[in-house]
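Working notes, structure below.
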Amino acid sequence: MSIPAGLYVHVPFCAVKCPYCDFYSNPYRRERAGAYAARVAENIAAYPAELSVDTVYFGGGTPSILPPPLLGQMLHAARRRFSLAADTEITLEVNPLTATPAALDAWRGLGVNRLSFGMQSAVDAELYRLGRRHTAAQGIAAVDRAAAAGFQNISCDLMLGTPGQTGESLAQSLAVYAQLPIAHVSAYLLSIESGTPFDTEAMRSQVPDGDAAALLYVQMAECLEQQGFRQYEISNFARPGFESRHNLKYWQCVDYIGIGPAAHSCFNGRRYAVPPDLDGFLQAPRQQEILTDEEPYTPEERVMLGLRLAEGIRQQDFSESCWAGLLHRAEPLQKAGMLWIEPDRIRLTRQGFLVSNSVICSLVE
283 MSIPAGLYVH VPFCAVKCPY CDFYSNPYRR ERAGAYAARV AENIAAYPAE
333 LSVDTVYFGG GTPSILPPPL LGQMLHAARR RFSLAADTEI TLEVNPLTAT
383 PAALDAWRGL GVNRLSFGMQ SAVDAELYRL GRRHTAAQGI AAVDRAAAAG
433 FQNISCDLML GTPGQTGESL AQSLAVYAQL PIAHVSAYLL SIESGTPFDT
483 EAMRSQVPDG DAAALLYVQM AECLEQQGFR QYEISNFARP GFESRHNLKY
533 WQCVDYIGIG PAAHSCFNGR RYAVPPDLDG FLQAPRQQEI LTDEEPYTPE
583 ERVMLGLRLA EGIRQQDFSE SCWAGLLHRA EPLQKAGMLW IEPDRIRLTR
633 QGFLVSNSVI CSLVE
């Protein structure tokens with residue numbers, strides 16, 4: 283039996299774009315949002331009806347900015363077209379300011395069962411520097427309202443290496459997160475992307491350097507694990523049973539469908555990309571560029587994706603000769619404390635997670 287696919291819907295709208303973000307988005311306009319939801323539904327209807335799907339993820343952008351009826355329109359299209367498992371994980375990325383009691387009740391009524399809050403920090407000064415519009419108190423209140431509304435699978439983002447962040451301010455955020463009714467934390471290191479408002483020398487000078495960021499990462503990981511969160515991926519921590527099933531598909535090389543401008547897919551042995559162009563998507567919702575029709579995942583890509591996971595890469599996913607080469611290149615990295623080599627797998631140590639890019643490059647060279 284084939285493994286069910288995941289469905290990702292990119293919602294390209296934001297009230298205000300964050301100055302560090304380079305994800306594709308547009309200012310929210312109700313009339314364009316309605317046309318967008320209709321095109322997503324049309325796109326879904328073009329896929330094979332027999333396709334089995336067990337995760338749906340609304341990312342963005344700010345998916346929670348959409349009126350619930352538009353989210354419902356897209357979910358209805360997915361339920362009509364695909365064979366959705368009874369326990370399908372349906373995730374909605376949420377800006378804390380949009381999590382009103384009415385919206386939370388509506389999302390629950392639509393079948394959304396996992397919320398991912400873009401909280402980023404529990405320190406007001408850090409939120410201000412990041413250009414976030416919510417305060418720490420508003421973020422906390424939004425998460426508490428979600429739990430009171432019946433959501434049990436709640437995730438919060440936490441950003442590391444932000445301008446002016448210190449070990450003390452990170453500890454303040456972690457202490458707040460420890461008291462929140464959440465089951466998952468995604469902790470991302472701030473990356474200053476070219477062309478964003480953060481892409482200035484003045485801003486770069488305020489960001490912790492590599493060594494300081496590494497210390498913040500270790501502090502964060504150790505604290506979350508003490509609070510009962512298990513690290514299952516470089517940037518993700520979950521209480522037992524609350525790992526992001528959808529995101530695991532990316533790292534485990536499982537098929538996924540991406541719909542909406544700037545979305546990507548890996549489906550039936552091909553990779554696709556939807557151009558980051560809302561106007562083009564509204565005019566031609568099936569416009570996709572085929573990136574490759576060869577083997578969708580090369581051994582090198584399986585290493586790069588699989589080593590992001592705490593469980594690492596498995597021997598059974600590689601040819602005998604490929605695995606032998608990986609073992610040979612892994613031995614000096616194990617001696618350096620970067621990798622664990624086990625009978626049937628290779629995985630990163632905590633130290634290896636800190637320099638994962640260089641470790642992976644050494645393995646696939």
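The opening position of the sequence shown corresponds to residue 283 in our numbering, with each subsequent residue numbered one higher. Using N, Cα and C, we set each Cβ at its ideal position, and we do this for glycine too.
Residue i: first and last residue of the uninterrupted alpha helix (DSSP H) it sits in
i: S451; result: G449 to Q461
i: H416; result: No alpha helix (DSSP H) contains H416, which DSSP labels as neither H nor E.
i: G588; result: P581 to G588
i: Y532; result: R527 to W533
i: Q598; result: Per DSSP, Q598 belongs to no alpha helix (DSSP H) and is neither H nor E.
i: C505; result: G492 to Q508
i: D561; result: L560 to Q565
Endpoints, the beta strand (DSSP E) within which residue i is located
i: C666; result: The structure shown has nothing for residue 666, since the chain only spans 283 to 647.
i: F399; result: R396 to Q402
i: A368; result: S365 to V376
Residue i, DSSP secondary structure in three states
i: F340; result: strand
i: M283; result: Here the model assigns M283 a pLDDT of 47, short of 50, so the residue's position is not dependable, and the following value carries that caveat. Residue state, collapsed to three classes: coil.
i: L348; result: coil
i: I474; result: coil
i: Q616; result: helix
i: Y310; result: coil
i: F295; result: strand
i: A331; result: coil
i: E647; result: coil
i: V637; result: coil
i: D387; result: helix
i: I642; result: helix
i: A606; result: helix
i: Q488; result: coil
i: Y302; result: coil
Residues bridged to residue i (per DSSP)
i: H466; result: S437 and A520
i: G421; result: Bridge partners of G421: none, in fact.
i: Y538; result: G288 and C548
i: E515; result: N518 and L591
i: L630; result: L621
Contact check, residue i vs residue j, beta carbons under 9 Å
i: T380; j: T344; result: yes
i: Y290; j: H466; result: no
i: S473; j: S437; result: no
i: F399; j: A428; result: yes
i: I623; j: A606; result: no
i: L392; j: A496; result: no
i: P578; j: S601; result: no
i: E593; j: Y514; result: yes
i: L498; j: G443; result: yes
i: S307; j: P294; result: yes
i: S346; j: L374; result: yes
i: A453; j: Q501; result: yes
i: A317; j: L564; result: yes
Chain C contact for residue i (CB, 9 Å cutoff)
i: D537; result: No chain C appears in the structure shown, which is made up of a single protein chain.
**Message:** Whether or not the segment 357–373 and the segment 406–413 are in contact is what I'm after, with contact meaning three or more pairs of Cβ atoms, one per stretch, closer than 8 Å; do they touch?
**Reply:** no
**Prompt:** Does the segment 550–557 come close enough to the segment 347–366 to have 3 or more Cβ pairs within less than 8 Å?
**Reply:** no
**Prompt:** Are the segment 324–344 and the segment 483–503 in contact at 8 Å, needing three or more beta carbon pairs?
**Reply:** no
**Prompt:** For the 8 Å Cβ check, are there 3 or more pairs between the segment 417–426 and the segment 445–463?
**Reply:** yes
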